[in-house]
Structure formats: structure tokens, C-alpha cells
Amino acid sequence: MNKRKRLLKILIPALSIFISSLFIPWILIRIWLTPLPSTIQEQVNQAINYDLDGVIVYVDQGGKSPKLYASGWKNKENEIPIDPNDLFKIASISKLYIAAAATKLVAEKRLFLDQKLSEYLPGISERIENSEKISLRMMIRHRSGIPNFTDQKDFPWDNLPKDNQSTLEFALDLPAEFDPDEKYSYSNTNYLLIGEILDKTLGYSHHQYIKEVILEPLRLENTFSLLDDVDKSKMISGYAIGYEPDLMINNFTTPGGSMIASAEDVGIFLRALNDGTLFTEEEEEIYTSIYEYGHTGLLPGYQSIARYHSDIDAVVVQFVNTSGGLAWNVHEMIYSRIIKILK
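If you're matching positions, the sequence shown starts at 53 in the working numbering and goes up one per residue.
Laid out in C-alpha cells, this is it:
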């Protein structure tokens, strides 16, 4: 009887692991089981074996010169190899730049974090539930309860709206997801509205303001607000698993998701954001209270991660020009392995 119990103790956990493995995609198990290579370039080269079309990685670790790594295709139809200096749709990483711009305007006393949405944009306040209670601070922090326009079933990813108002229509007149400041829920609508508030406050495009107060001081010459500002020959093509056309021309213009940049430029910006050189002492205090110091990005055909790792004093940016299927999971696993190599 004791032998039977001991056997069951061995077999049941093993059986549980086997059954669990049947529900885990084998491509993820394959990555997990692959020995960690000794160099980042080897890991980037391996990434292309997991249904990713192209990968760029930028690493800026304290005490060392920044380095770029790349593998795969910039454009697979024409078999053009990816260049680590190519331009990429950074999607929601754009929100870091908008939050930084808002911070500077708050420090200048041109914006006020606790002023309400209904005061900033009275023309649409009746179409957004709780607009008289939602503050700028809540929108920056994704605590407004305003529905996310990209979550709506009829949002046309294959034929994107041409302007902010057309995009905003997908979030207007909907019930709030929760009472203001009750909890956190990521919503692209927040940053679309913040972009509108910035434009109204400035009297001109917030894109120009970001260029003046962030891009030019940091000498970021390979960062752009919109796809229309870019030489398309320098752009990386974007691909979605199961969908053939190149998604590079899919023009997403919404504030908080529209920016284009090189991996190096994103890395330089992120270093400045984290080491305090982007802000005055007052601005740093404001920013710390409202937003994060790293971000991810996702648009059809484009996935990105930009984070600062304080334990190893490293800024690491990763671009992958494939989305859909398990591409995001693979993307995150490759990024995690690169951090392990750095450590």
C-alpha cells in the first residue's frame, strides 16, 4: 500500500505537467527549452525562427556604449534585410511623450491636473459620462472610466478613421466603465482627449510642442509624430500572421499611438526620461505622480517594448514587425531572455 502511495505521488504531478503541456503552444515551450545563448545578437537571430519577420533591439547599459542588434526582414516581399536604424511605428510608446509634454505644461501653469474634462472640452462633455468629475490627472493615469475606442467591435482597423473626431465617435455616448478614479483601465480614448486638450491649450499642434520641448533638445532627428512626416523608404514593413498585405501604409493618426521612431531614438528618450535630464526638478515630481517610465506598443504589424531596468542600469528597446497569433507572447519571451543575458 505504501509503495502504491509513493508511486501515485510521483505519477500524479508528472501527469499534471503532461496534461498542462497539451494546452501550451509548442512554439512557446520550444523557446523556453532552448538554452540561453551567450550574446544578444545570437538571441535576436534565434527570434526569427519563431514566426517573427524582423527584430531590432537597442541596449544602453550604464558604463557601456549603446548597441543595436537586428535580424530578419525590413520587407519580406522584396527580401530587404532589416537595418537597426530603420523607422518603426512605436504605437502606445507615444503616450510617454504626451505625458511628458503635459507635465511641462502643468509646470508652466498652462494646464492643471485637477481641472475637469468638461472644462477643458465643453463641446463634447455631454457625450462623455462623468465628464464633470473626470480630471486631467485621471485621464493621464487611465483612471477615468472612459471606454476605449479600440475595444469597440465595429472599430475599423482595416479602414482607419481619418481624424480625431471620427475616431472619438467610437467612444462617445457610451456608458462609463466605472466611476472616475475608482480603478485603472487602459483606454486609448484618454490620450486622444489629452491630445485635443493640448492642442486647445497651445493654440497649435501638440506634435510641434513635443518636437520643440522634447525631440530637439535631445537631438532626436529620427522621431516623427505621424507617418505622413516620414520618408517611407526608411520605414519597416509590418505584417500580421494570417494576413498577407504589408501593413506599413495603415495610417494610425490618433494621439498616443501615432509616432514613428528608430529604436535608438526611443532608447535615448527613455534614458532621459528615467535619469531626470528631460525634466526640471519640479517637472520630475509632477511626472512621477502621474505616469510610468516605460511602455509597450501594439498596432497591426508592429509590436514594441521600451523599458528601463534599474537593477542593471539598462534601457532596452525591442521592435518586432509581426503581430497576431502568438507573436506578442514570443516577443515578450525574447525580450525576457535578452534581459537575462544582460544580467
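Here a beta-carbon is modelled for each residue, glycine too, at the ideal position from N, C-alpha and C. None of the values given here were measured: they were computed from a predicted structure.
Cβ neighbour criterion (16 or more within 10 Å) applied to residue i
i, result
"residue 261", "buried"
"residue 241", "buried"
"residue 352", "buried"
"residue 255", "exposed"
"residue 373", "buried"
"residue 274", "buried"
"residue 332", "exposed"
"residue 85", "exposed"
"residue 88", "exposed"
"residue 202", "buried"
"residue 133", "exposed"
Reduced DSSP category for residue i - H, G, I as helix; E, B as strand; rest coil
i, result
"residue 127", "strand"
"residue 150", "helix"
"residue 141", "strand"
"residue 270", "coil"
"residue 371", "strand"
"residue 121", "strand"
"residue 366", "strand"
"residue 159", "helix"
"residue 223", "coil"
Distance, residue j Cα to residue i Cα
i, j, result
"residue 339", "residue 136", "30 Å"
"residue 359", "residue 277", "20 Å"
"residue 248", "residue 151", "13 Å"
"residue 180", "residue 295", "35 Å"
"residue 197", "residue 188", "12 Å"
"residue 263", "residue 77", "43 Å"
"residue 312", "residue 253", "24 Å"
"residue 116", "residue 364", "12 Å"
"residue 388", "residue 193", "26 Å"
"residue 367", "residue 323", "6 Å"
Opposing strand residues paired with residue i [DSSP bridges]
i, result
"residue 263", "Beta-bridge pairing links residue 263 to no other residue."
"residue 349", "356"
On the three-pair Cβ rule with 8 Å, is the segment 316–327 touching the segment 112–124? yes
Can we say the segment 217–228 touches the segment 277–296, given the rule of at least three CB pairs closer than 8 Å? no
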